[in-house]
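In this note's numbering, the protein residues as written are 797 to 877.
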């Protein structure tokens, strides 16, 4: 499969988190919300302009801004192409 940042996924795609980029409070916040390497997620909704994006992971929904989603490298595992 291919690696890309989370903001590039389409609604219906599934992925596994590979890496969370960045430093300091913004990175720590993403990790605390469950965006840790190895976690599997799916894109449930994407706003028309791509901001925000809604994900389902660990049994809950999480919305991220495009800027935050660009910090997360994922491996696409399935879903819509």
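The beta-carbon is built from N, C-alpha and C at its ideal position, and this holds for glycine as well.
DSSP bridge partner residues for residue i (one or two, in chain order)
i: residue 850; result: 841, 859
i: residue 836; result: 812
Range of the contiguous beta strand (DSSP E) that encloses residue i
i: residue 869; result: 868-874
Local Cβ density within 10 Å of residue i, reported as buried at 16 or more and exposed below that
i: residue 815; result: exposed
Going along the chain, which unbroken runs of the beta strand (DSSP E) with 3 or more residues stay wholly within the region 798-829?
799-801, 810-816
Just checking, does the region 827-837 make contact with the region 851-858 on the three C-beta pairs under 8 Å criterion?
yes
Examine the Cβ distances between the region 802-815 and the region 838-848 and report whether three or more of them are shorter than 8 Å.
yes
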